[in-house]
Amino acid sequence: DAKTTQPTSMDCAEGRAANLPCNHSTISGNEYVYWYRQIHSQGPQYIIHGLKNNETNEMASLIITEDRKSSTLILPHATLRDTAVYYCIVRPGVSETSGSRLTFGEGTQLTVNP
Amino acid sequence: DAGVIQSPRHEVTEMGQEVTLRCKPISGHNSLFWYRQTMMRGLELLIYFNNNVPIDDSGMPEDRFSAKMPNASFSTLKIQPSEPRDSAVYFCASSPPGGRQYFGPGTRLTVT
């Protein structure tokens, strides 16, 4: 799996957009970008994933550069409950019949301040 | 949907004792994963199953660790004998075919 690089920590004001960057310069053509987060003492939670195109769901938006070497997770209106460690993970596309591993790095500790 | 269920949520045991962690995946999911999280090593995959068959156990630390999945609705992770360095939070996750992983609440293990 391709390696990812994220800042160790970031701060964001409540109500503002949080933009979390991730570098994955060695990503290959069949690898997806996944984002998970882990709120203190809880299990990781899926946020969003994408291959080439930008993606949006009820939690966040994912912007992937055209060369796919980096991406940004955007939380449009951060709340105190968004304080967590955010993990950017690159993994191959999974088959329709089986799953595959996730390799977690150190992630970015996002702190949302009142 | 109850989500992934893990038991016990907390376990305190003495060195040398056998520890068994349990996981019930989400119904309909065919992949199950066991992870371990420590401050030193972060979140690491121990083993995962597809359709009850172990696919990759390269993350299992040593022979003291074993995992089984006797059916689609139950899995165990056993440590025998346990050591203080096994103290960690153990997460179980499951995923449907081709889908994302859903994590359980974890079991916090303390070996004294």
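Residue numbers (the numbering used here), protein chains in the order written: chain A, -19 to 94; chain B, 70 to 181.
The beta carbon of each residue, even a glycine, is placed where N, CA and C say it ideally should be.
Judged by DSSP in its simplified three-state form, residue 114 of chain B adopts strand. Residue 70 of chain A is not a Cβ neighbour of residue 87 of chain A, given a cutoff of 7 angstroms. Closer than 7 angstroms to the CB of residue 24 of chain A there is at least one CB belonging to chain B. With respect to chain B, the C-beta atom of residue 61 of chain A has no partner C-beta closer than 7 angstroms. Separation of residue 108 of chain B and residue 157 of chain B (C-alpha to C-alpha, rounded to the nearest whole angstrom) is 8 angstroms. Taking a C-beta distance under 7 angstroms as the contact criterion, residue -8 of chain A and residue 58 of chain A qualify as a contact pair. Residue-level contact by beta carbon fails for residue 17 of chain A and chain B, as no gap is shorter than 7 angstroms. Using a C-beta cut-off of 8 angstroms, the segment 74 to 85 of chain B makes no contact with the segment 32 to 52 of chain A, since fewer than three inter-stretch Cβ pairs fall below that distance. Residue-level contact by beta carbon fails for residue 143 of chain B and chain A, as no gap is shorter than 7 angstroms. In the three-state DSSP reduction, residue 132 of chain B falls in the coil class, being neither helix nor strand. Of the candidates B/152, B/135, B/143, B/143 places its Cα closest to the Cα of residue 121 of chain B.
The Cβ of residue 71 of chain A sits no closer than 7 angstroms to any Cβ of chain B.
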